[in-house]
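Student:
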Amino acid sequence: MPTTGLLSLDQLLGNDGYPDRSVIMVIGPSGIGKEAIGYWFTRSGLQQKDFCLHVTRLPTREVLQDLKAFGLDFSEKGPFWFSSEGGELRFDMSDLSGISINLKEILKKNSDRKIRVVIDVISSLLMLNPPETIYKFLTQLFAAVKQYNAVLIATLEEGMHPPNVIAAMQQLFDGVIEMKLYEEGLTVLSLLRIRKMRGVPPQPAYYRFSFSKSGMEVSPHVKR
Amino acid sequence: MSSVDLPTLIEAFYVVGLVLATGLGIYAAYWSLQIRRALIVSRYRRQALWGALVSLYFAIEIPVSYLAGPVPSESIYTPLTSNLWFDLFGYFVSSIFAVVVLFVWADSAVPVARRTDPLLRDPFRWKRTRLFLWAVMIWNVVASVVAVFSVMSGTYIFYSPTILELFGHVSGSVGSLPENPLADSVNNLVVNGLHLGFVPKYLVLAVAGVVLVVGGLRSTDANFRSSLRWFGKFVAVFLVVVSVDTLVVIPFGDPLAPTTFNVFWAFVLNLILVPISFYFVYRSARSLVPLNRLAPIETELELRH
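Sequence lines, in order, name chains A and H. The first sequence begins at 1 in our numbering and counts up by one. The second sequence begins at 1001 in our numbering and counts up by one.
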């Protein structure tokens, strides 16, 4: 099983990392650090010489800048960038079929290696296309991911989509990691929970989390 | 305002309103800082930080300007103490810092607007525009301070008799200038200010406001839009408060003689509007991110675990 790249998250998932051939959703509000889970997953894959693909609507240089805030640096040895600017392949938000064809092509070409995919475009695609179109697009993409023995992590923005769309999206994924901000008395806490994960018993517990240069620290949340 | 007698009860209500507004402003700043602490990504943290500083600044500035006593125009244009540098600092804090802090807040919010636009559009090419606006803002701040220094210190660095005379004709105060040092100072300051950039400073703020509105319309993040809407309401009500102070209290043509009637209504309007404006700041701070509450059933499950 591919490690998450974060020891604490691996432990939450039973020390095994993400399930093989799985698609995982990380959902949370803007700024909470969803992307960091993807960055550490990619970093771990690069260390293990897996083929890592990063699909982003941002220019590559902006992602590299964001990475630095987490103490990560992909500028020398990085993933395969499928980005709007500066990547190996140019990502065009308005060309959904082009995205689909390119992704399948890349997966096929690298099918002899372990593959890790991180994708941060689903929220934007959902805003620009009817949800049904995106469900269809993702269903086909996920089938290809599983066919080529890959693991995919996708981020989804909370606060951009209606609850029914989010609920329907969650059905498509094998695992859902939820990151949210909670108000407790006069403090704001960032809490995480594993809403579902294939092969892992349901976990209702909430965990406090924080990021540092060495990764993510997680501790059980005890209500005061 | 204190130069005009007002019914004590109204003044007491006004003070209560100010305390309420200041409390709300500080509470809003507290929540912004709490949210900042919980966020990871620097651009969102920066937006929360500057939101907190804006709340804090206005929460402190309003009661301080009330306690300072004189009407706002006097407090700005005439020396309050015999210490020039202290007065200059007071002028900077009361008149310039507000514009700067609002601009920096806007500058921190535009990148968030861009990131939450699915098409990643940079409103009005903000990445470049901001550099120009920053340059104008810095120039204006320096120029304004120098202009005020020139008046307060009596050095009249930028004194221009021709323009001053022209201004005197326009304002109808020709002839009274030499006998009226305050009017002289005010006129000189206005002339120098127009020369050196009081107006561009506000234009910069207006441009940033337009950019934010466009960015907000393009953004698909409901929280960001909501926060921006509440902040817009704060700015709108605050502008009304400032207008009330400058237009109602100071009758046209005689800046030194506010009437009891006008001051009374200014007090009443401020009493209502200032707390409302700070309620909007509070709502803006709380809307920065979706804040959830753990449901009792979830807490129970969590403790069992």
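Every residue gets a Cβ at the ideal spot worked out from N, C-alpha and C, and that includes glycine.
Go to P131/A, then tell me how far its alpha helix (DSSP H) extends in each direction, as first and last residue.
Tutor: Here the alpha helix (DSSP H) through P131/A covers 131 to 147.
Student: From the DSSP secondary-structure annotation, give me the bridge partner or partners of Y207/A.
Tutor: Bridge partners of Y207/A: L192/A, P220/A.
Student: State the CB to CB distance for the pair R43/A and L72/A, rounded to an integer number of angstroms; the pair is presumed to be in contact (CB under 8 Å).
Tutor: R43/A to L72/A, Cβ: 6 Å. Contact.
Student: Helix, strand or coil, according to DSSP, for G175/A in the structure here?
Tutor: In the structure shown, G175/A sits in a strand (DSSP, three-state: E or B).
Student: To which residues of the same chain is I1276/H closer than 7 Å at the C-beta, ignoring the five residues directly before and after it?
Tutor: Around I1276/H: V1237.
Student: Could you name the residues of chain H that P29/A contacts, counting a contact when the two beta carbons are closer than 8 Å?
Tutor: Here the neighbours are N1223, V1289, P1290.
Student: Nearest-angstrom Cα distance between L1102/H and I166/A?
Tutor: Distance between the alpha carbons of L1102/H and I166/A is about 36 Å.
Student: Find the nearest neighbour of I122/A within the set T3/A, R21/A, I27/A, judged by alpha-carbon distance.
Tutor: Among T3/A, R21/A, I27/A, the Cα nearest to that of I122/A is on I27/A.
Student: Where does the unbroken beta strand (DSSP E) through D28/A begin, and where does it stop?
Tutor: Checking the sequence, you will find Gly at residue 28/A rather than Asp. Run containing G28/A: 23 to 28, per the beta strand (DSSP E) assignment.
Student: With a threshold of 8 Å on Cβ separation, who are the neighbours of S210/A within its own chain once the five nearest residues in sequence on each side are excluded?
Tutor: The answer, listed in chain order, is S190, M216, E217.
Student: Check whether the Cβ of Y182/A lies closer than 7 Å to any Cβ atom in chain H.
Tutor: Interface residue, yes.
Student: If I'm right that L126/A touches H161/A with Cβ under 8 Å, what's the distance once you round it to whole angstroms?
Tutor: Contact flag correct, Cβ pair sits at about 6 Å.
Student: Check this for me: beta carbons of M25/A and A154/A, under 7 Å apart or not?
Tutor: In this structure, A154/A lies closer than 7 Å to M25/A by Cβ.
Student: Taking a cut of 8 Å between CB atoms, which residues from the stretch 77 to 99 of chain A lie near chain H?
Tutor: Residues S84, M93.
Student: At least one CB of chain A closer than 7 Å to the CB of A1052/H: is that the case?
Tutor: No, because no Cβ of chain A sits closer than 7 Å to the Cβ of A1052/H.
Student: Along the stretch 1270 to 1282 of chain H, where does the CB come closer than 7 Å to a CB of chain A? Name the residues.
Tutor: Against chain A - using a Cβ distance shorter than 7 Å - the stretch 1270 to 1282 of chain H contributes no residues.
Student: In angstroms with no decimal places, state the Cα-to-Cα distance between S1108/H and A1206/H.
Tutor: Between S1108/H and A1206/H, the C-alpha separation is close to 15 Å.
Student: Given this structure, state the Cα-to-Cα distance separating I1272/H from T1116/H, to the nearest angstrom.
Tutor: Approximately 35 Å, taken between the alpha carbons.
Student: So with Cβ pairs under 7 Å, would you call I1040/H a contact of chain A?
Tutor: So, interface residue.
Student: Tell me which residues share the same chain as F1039/H and place their Cβ nearer than 6 Å to its Cβ, disregarding the 5 neighbours each side in the sequence.
Tutor: Residue 1039/H is actually Leu in this sequence, not Phe. So the qualifying residues of the chain are R1045.
Student: Compare the C-alpha of G86/A against each of I37/A, Q65/A, P59/A, M93/A and name the closest.
Tutor: Here the closest residue by C-alpha is P59/A.
Student: What are the residues in the stretch 120 to 132 of chain A lying within 7 Å of chain H by C-beta distance?
Tutor: Taking 7 Å as the Cβ-Cβ cut-off against chain H, the residues of the stretch 120 to 132 of chain A that qualify are S124, M127, L128.
Student: Given that S190/A touches chain H, what residues does it touch there, using C-beta distances under 7 Å?
Tutor: Simply A1038.
Student: Indicate whether the contact test is met: 3 or more Cβ pairs, each with one atom in the stretch 1019 to 1030 of chain H and one in the stretch 1278 to 1289 of chain H, closer than 8 Å.
Tutor: Flag = yes, the stretch 1019 to 1030 of chain H and the stretch 1278 to 1289 of chain H touch.
Student: When you compare the CB of I1035/H with every CB in chain A, is at least one pair closer than 7 Å?
Tutor: Yes, I1035/H lies at the interface with chain A (some Cβ there is under 7 Å from its Cβ).
Student: Would you tell me roughly how many angstroms separate the C-alpha atoms of D16/A and P163/A, rounded to the nearest one?
Tutor: When rounded, the distance between both Cα atoms is 31 Å.
Student: Does the stretch 1218 to 1230 of chain H come into contact with the stretch 1110 to 1127 of chain H, if we say contact requires no fewer than three beta-carbon pairs (one atom in each stretch) closer than 8 Å?
Tutor: With the cut-off at 8 Å, the stretch 1218 to 1230 of chain H and the stretch 1110 to 1127 of chain H touch.
Student: With a threshold of 7 Å between beta carbons, is A167/A in contact with chain H?
Tutor: No, A167/A does not count as interfacial toward chain H.
Student: Starting from T60/A and walking both ways along the alpha helix (DSSP H), at which residues does that stretch end?
Tutor: Looking at the DSSP string, the run of the alpha helix (DSSP H) that includes T60/A is 60 to 69.
Student: Show which residues of chain H have a CB atom less than 9 Å away from the CB atom of F211/A.
Tutor: I1040, listed in chain order.
Student: Please confirm if Y1014/H has its CB atom under 7 Å from at least one CB of chain A.
Tutor: With 7 Å as the cut-off, Y1014/H does not count as an interface residue toward chain A.
Student: Applying the 10 Å Cβ sphere with the 16-neighbour rule, what's the burial state of E157/A?
Tutor: It is buried - the Cβ of E157/A has at least 16 other Cβ atoms within 10 Å.
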